[in-house]
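Note that the working numbering has the sequence shown beginning at 8, numbered continuously upward.
Heads up, the beta-carbon is just placed ideally off N, CA and C, and yes, glycines get one too.
On a predicted model such as this, the values are computed, not experimentally measured, just so you know.
This report concerns only the one structure given below.
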Amino acid sequence: MQEARIIDGVALAAQIDEEVTAVVSQLEEKSGKRPHLAVVVVGEDPASQIYVANKVRRCKKVGIDSKELRYSADLSEAELLSIIDDLSNDDDIHGILLQLPLPKGMDTHKVIHAINPAKDVDGFHPLNFGRFMAGLDHALAPCTPQGCLRLLRMVVDDFEGKDATVIGCSNIVGKPMAELLLQQGCSVTSVHHLSRDIEGKCRAADIIVAAAGSPHLVKADWVKPGAVIIDVGINRLRDLGKGSGIVGDVDFDEVKKVASAITPVPGGVGPQTISYLLVNTVRAFNNQLDIVPDEKLGL
Ligand code: GUN
8 MQEARIIDGV ALAAQIDEEV TAVVSQLEEK SGKRPHLAVV VVGEDPASQI
58 YVANKVRRCK KVGIDSKELR YSADLSEAEL LSIIDDLSND DDIHGILLQL
108 PLPKGMDTHK VIHAINPAKD VDGFHPLNFG RFMAGLDHAL APCTPQGCLR
158 LLRMVVDDFE GKDATVIGCS NIVGKPMAEL LLQQGCSVTS VHHLSRDIEG
208 KCRAADIIVA AAGSPHLVKA DWVKPGAVII DVGINRLRDL GKGSGIVGDV
258 DFDEVKKVAS AITPVPGGVG PQTISYLLVN TVRAFNNQLD IVPDEKLGL
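Structure below.
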């Protein structure tokens, strides 16, 4: 059997950057303004520092203004709530990204709830999440699952009636991913650590999205020949005491011999979280300025 097509997430991110750049420049001509994103990071989590630097860099590349607000872990929850409130009421800020995780002791849900839903570019506010899960609109849906769907569209022509298995049920990836696939007409199975026969549920699937946070969990004999595999895992080898670099939730070298298409790690899903942060920031800007877009960005 032919080896799987490797779905090129770096190329897709470059394409989305071009699409966003063009739209931002049109918006600036029309409105005299550019979208402006505030990125808030609290504490010294090393991975968060890297993610935030990358977010700011990609904003700059596409012409989105950004400002980074960094605070030490001893910031109080009340102080953070006041910062979020100021940003929520600032007409010059169109998007607010609160980098997670927050330091221990802070109530993440309470702080997310304080974000103005119109500026919630992560799609984590209960109002946006609820609207999305109810299928009411896609305006501000979580970024990583939108990126996964866009990667899937590169290799899947018709989703209707396909069987999809999503491994992981987080609010950031697993749950919204399952909902997006349902909206495309897939039959979706969500599996988690209490599920029985995870292998069988994967073997039945035409599409597998692995977001378990478990290195090389998905083996070749879990995969139906010809299935499409999206690997959301970012597992640091250093954390596992196995050198450096990152690996996904899928045993890539073996699974690529069975699947028809697969995303690599790195270079697959990773860059799309920021791709859709940019897209959501433009959508939030349009909504706040009552701009009806000429074209559907990101779809
Ligand atoms: N931390 C890990 N993933 C994410 C994400 O998608 N958004 C935010 N805000 N924080 C994260």
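Item checked: Length of the line joining the Cα atoms of Gly70 and Val216 -> Take the alpha-carbon of Gly70 and the one of Val216: they are about 32 Å apart.
Check: So, using beta-carbon positions, are Thr196 and Asp213 closer together than 9 Å?
Finding: Taking 9 Å as the Cβ cut-off, Thr196 and Asp213 do not qualify as a contacting pair.
Next item on the list: Please go through the same chain and pick out, in chain order, the residues whose beta-carbon is closer than 6 Å to the beta-carbon of Val286, but skip the five residues on each side of it.
Entry: Exclusion of the five residues before and after Val286 leaves Leu304, Gly305 as the residues of its chain whose Cβ lies within less than 6 Å of its Cβ.
Note to self: Please state the DSSP three-state secondary structure of Glu75.
What the structure shows: Look at Glu75 here: in three-state DSSP terms it is strand.
Notebook entry, point to check: So what's Ala85 in DSSP terms, helix, strand or just coil?
Noted result: Under the three-state reduction of DSSP, Ala85 is assigned to helix.
Margin query: Between the alpha carbons of Ala29 and Glu302, how many angstroms are there, rounded?
Written below: So the two alpha carbons sit approximately 11 Å from each other.
Item checked: Of the listed residues Lys249, Leu247, Val272, nearest to Phe259 (C-alpha basis) -> Residue Val272 is the option with its Cα nearest to Phe259.
Notebook entry, point to check: For Lys68, which of Leu104, Val49, Val27, Ser267 has the nearest alpha-carbon?
Noted result: Checking every option, the nearest Cα to that of Lys68 belongs to Val27.
Check: How should Gly142 be labelled, buried or exposed, when 16 other C-beta atoms within 10 angstroms of its C-beta is the threshold for buried?
Finding: By the neighbour-count rule (16 or more Cβ atoms within 10 Å), Gly142 is not buried but exposed.
Notebook entry, point to check: If you draw a straight line from the C-alpha of Leu88 to the C-alpha of Val118, how long is it?
Noted result: Looking at the two C-alpha atoms, the distance is approximately 6 Å.
Check: Got a sec: does ligand 1 put a non-hydrogen atom nearer than 8 Å to the Cβ of Gln22?
Finding: No, the Cβ of Gln22 stays beyond 8 Å of every heavy atom of ligand 1.
Checklist line | Residue interval of the alpha helix (DSSP H) (run including Ile119) | finding: Its alpha helix (DSSP H) spans residues 115-121.
Next item on the list: Specify whether the region 121-131 and the region 91-100 touch according to this definition: at least 3 beta carbon pairs, one from each stretch, less than 8 Å apart.
Entry: Under the 8 Å Cβ criterion, the region 121-131 counts as touching the region 91-100, having at least three qualifying pairs.
Next item on the list: Please check the pair Ile281 and Val262, which I expect to be a contact at CB under 8 Å, by giving their CB distance rounded to whole angstroms.
Entry: Going by Cβ atoms, the distance from Ile281 to Val262 rounds to 25 Å, so no, they are not a contact pair.
Note to self: Please tell me whether Arg151 and Val49 are closer than 9 Å, where the distance is taken between their beta carbons.
What the structure shows: The displayed chain sequence assigns Thr, not Arg, to residue 151. Cβ atoms of Thr151 and Val49: not closer than 9 Å.
Note to self: For Met8, count the other beta carbons within 10 Å of its own beta carbon; 16 or more makes it buried, fewer makes it exposed. Which is it?
What the structure shows: For Met8, the number of other beta carbons within 10 angstroms of its own is below 16, and it is reported as exposed.
Next item on the list: Leaving aside the five residues before and after Glu84 along the sequence, list all residues of the same chain whose C-beta is less than 8 Å from its C-beta, in chain order.
Entry: Listed in chain order, the non-local C-beta contacts of Glu84 below 8 Å within the same chain comprise Gly112, Met113, Asp114, Lys117, Val118, local neighbours out to five positions each way being set aside.
Check: Does the beta-carbon of Lys186 have 16 or more other beta-carbons within 10 angstroms, so that it is buried, or is it exposed?
Finding: The displayed chain sequence assigns Glu, not Lys, to residue 186. Flag for Glu186 reads buried.
Next item on the list: Give me the Cβ distance between Gly274 and Gly16, rounded to the nearest whole Å; I'm assuming they're in contact under 8 Å.
Entry: The Cβ separation is near 5 Å, so the contact holds.
Check: Just to check, is the beta-carbon of Thr280 closer than 8 Å to a non-hydrogen atom of ligand 1?
Finding: Ligand 1 has a heavy atom closer than 8 Å to the beta-carbon of Thr280.
Next item on the list: Report yes if the C-beta of Ser55 is less than 8 Å from at least one heavy atom of ligand 1; otherwise report no.
Entry: Under cutoff, so the answer is yes.
Next item on the list: Apply the 10 Å Cβ neighbour rule to Lys126 and answer buried if 16 or more other Cβ atoms are within range, or exposed otherwise.
Entry: So Lys126 counts as buried.
Next item on the list: Consider the C-beta atom of Tyr58 and the heavy atoms of ligand 1; say whether any pair is separated by less than 8 Å.
Entry: Indeed, a heavy atom of ligand 1 lies less than 8 Å from the Cβ.
Note to self: Tell me which residue opens and which closes the beta strand (DSSP E) that Leu187 is part of.
What the structure shows: For Leu187, no beta strand (DSSP E) run applies; the uninterrupted alpha helix (DSSP H) run containing it begins and ends at 181-190, by DSSP.
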